[in-house]
């Protein structure tokens, strides 16, 4: 595995941390959205049904007043529209019972509607002011009040669930913030640990190079893996082996003798020139170089 790939993999914990934060955020948003949908599904439909039932009941009561006033066409038109509308909304309410006590209220609403219809049909057959106030109007009030109770029950439930949703949102904000911070810290720590482990061979190689420079030619770098650092370590070991072999060879001893001789010549203040058998300049000190501008022969 190459060093580049290893370094890229060292950043994987940070990427995983970002993914974790994203997942937590998505789940939190979905939870809040589900709460809103549940409010709409469980209570808002019942609120609409109760409001529409109240409106239809009021229109039918207006129709009764039109009938007393002799406006039969207007009365019949209102009844034709709002009688089936109220019945339909009541049926929807009976299928959407979600709160404690709502089933009992809905059953009472059905009874109130049945009694109101019976009284309304009797009133339609014999419309009279006395019959309206003694029979129809009390049943209208009972029907409307029961619808109000259903409405209030669901509105209270919506407020309660809205408060719960608000608390959940605040908790979710804390969870997302905390998980983001924790994921970031863990990702940074993991990435730092992996990067340190990956670069440790480079530090060891640097230490070995320093010891080699101090004269420890027998020192060798530990070669682990097949990445670029391992390749450099192998080349370094090969170089160290050659240097060690050179030191042990006669050529090294000759070089040391030459350097010692040169040092001795350089210590003489007078110009000194050493010639070979063929007359070539083998060595000279600084004084000779300055006066005669000689260059030792290259062997």
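Numbering (the numbering used here), first residue to last: 813 to 1111. Positions of the beta carbon are idealized from the N, C-alpha and C atoms, including for glycine.
Report, in whole angstroms, the separation of the C-beta atoms of residue 869 and residue 952, which I expect to be a contact under 8 Å. 6 Å between Cβ atoms; contact.
Which residues bound the alpha helix (DSSP H) around residue 878? Annotation for residue 878: the continuous alpha helix (DSSP H) segment containing it runs 857 to 880.
Anticipated Cβ contact below 8 Å, residue 999 with residue 825, distance rounded: Between residue 825 and residue 999 the Cβ distance is about 4 Å, and since that is below 8 Å, they are a contact.
Rounded C-alpha distance that separates residue 828 from residue 840: Approximately 18 Å, taken between the alpha carbons.
Any idea if residue 1057 is buried or exposed, counting beta-carbon neighbours within 10 angstroms, 16 or more meaning buried? With a 10 Å radius around the Cβ and a threshold of 16 neighbouring Cβ atoms, residue 1057 comes out exposed.
Go ahead and pull the three-state DSSP assignment for residue 952. Helix, per DSSP.
Where the alpha helix (DSSP H) containing residue 1118 begins and where it ends: Any property of residue 1118 remains undetermined from this structure, which presents the chain solely from 813 to 1111.
Buried or exposed by the 16-neighbour rule on C-beta atoms within 10 Å, applied to residue 1119: It is not possible to answer for residue 1119, since the shown part of the chain is limited to 813 through 1111.
Stretch-stretch touch, CB-based, cutoff 8 Å, three pairs: the stretch 918 to 937 with the stretch 986 to 999: Judged by Cβ distances under 8 Å, the stretch 918 to 937 makes no contact with the stretch 986 to 999, as fewer than three pairs qualify.
Residue range of the unbroken alpha helix (DSSP H) whose run includes residue 1084: DSSP places residue 1084 outside any alpha helix (DSSP H), giving it a letter other than H or E.
Close beta carbons around residue 1099, own chain, < 8 Å, minus the five adjacent residues each side: When the five nearest sequence neighbours on each side are left out, the beta carbons in the same chain lying within less than 8 Å of the beta carbon of residue 1099 are those of 1080, 1081, 1082, 1083 and 1084, in order along the chain.
Given 8 Å, three or more beta-carbon pairs between the stretch 922 to 929 and the stretch 966 to 978: By the Cβ rule, the stretch 922 to 929 does not count as touching the stretch 966 to 978, because fewer than three pairs are nearer than 8 Å.
Looking at the strands, I want to know which residues DSSP matches up with residue 1031. Bridge partners of residue 1031: none, in fact.
From which residue to which residue does the alpha helix (DSSP H) around residue 933 run? That run of the alpha helix (DSSP H) goes 914 to 937.
Please confirm whether any heavy atom of the ligand GDP lies closer than 8 Å to the CB of residue 976. Among the ligands in the structure shown, none appear at all, so the ligand GDP cannot be discussed.
Please tell me whether residue 948 and residue 873 are closer than 9 Å, where the distance is taken between their beta carbons. Going by beta carbons, residue 948 and residue 873 fall inside the 9 Å limit.
Do residue 1095 and residue 1086 have their beta-carbon atoms positioned less than 9 Å apart in this structure? It is a contact, given that the beta carbons lie within the stated cut-off.
Strand pairing of residue 1093, partner residues [DSSP]: Per DSSP, 1087.
For residue 1049, which option in 1032, 1043, 1055 and 1042 has the closest C-alpha, if you only look at C-alpha atoms? For the residues 1032, 1043, 1055 and 1042, the minimum Cα distance to residue 1049 belongs to 1032.
Please list the terminal residues of the continuous alpha helix (DSSP H) segment that includes residue 888. Here the alpha helix (DSSP H) through residue 888 covers 884 to 906.
Outcome for residue 939 when other beta-carbon atoms lying within 10 angstroms are tallied against a minimum of 16: Within a 10 Å sphere around the beta-carbon of residue 939 sit 16 or more other beta-carbons, which makes this residue buried.
Taking the beta carbon of residue 866 as the centre, do at least 16 other beta carbons fall within 10 Å, making it buried, or is it exposed? With 16 or more Cβ atoms within 10 Å of its Cβ, residue 866 is classed as buried.
Out of 894, 862 and 970, which one is the CA nearest neighbour of residue 918? It is 862 whose Cα lies nearest to the Cα of residue 918.
By the 10 Å Cβ neighbour count, where 16 or more other Cβ atoms means buried, how is residue 905 classified, buried or exposed? With 16 or more neighbouring CB atoms inside 10 Å of its own CB, residue 905 falls in the buried class.
Specify the secondary structure class of residue 1079 as computed by DSSP and reduced to three states. Here residue 1079 sits in coil by DSSP.
For residue 916 and residue 970, what's the separation of their Cα atoms in angstroms? The alpha-carbon atoms of residue 916 and residue 970 are separated by roughly 19 Å.
Would you kindly check if the distance between the Cβ of residue 898 and the Cβ of residue 958 is under 9 Å? At a Cβ-Cβ threshold of 9 Å, residue 958 and residue 898 do not count as neighbours.
Helix, strand or coil for residue 909? Go by DSSP, reduced to three states. Coil.
Identity of the residue in 1008, 909 and 1052 nearest residue 1023 by Cα: Closest option to residue 1023, Cα to Cα, is 1052.
So what does DSSP say about residue 1005, is it helix, strand or coil? Note: residue 1005 maps to helix in three-state DSSP.
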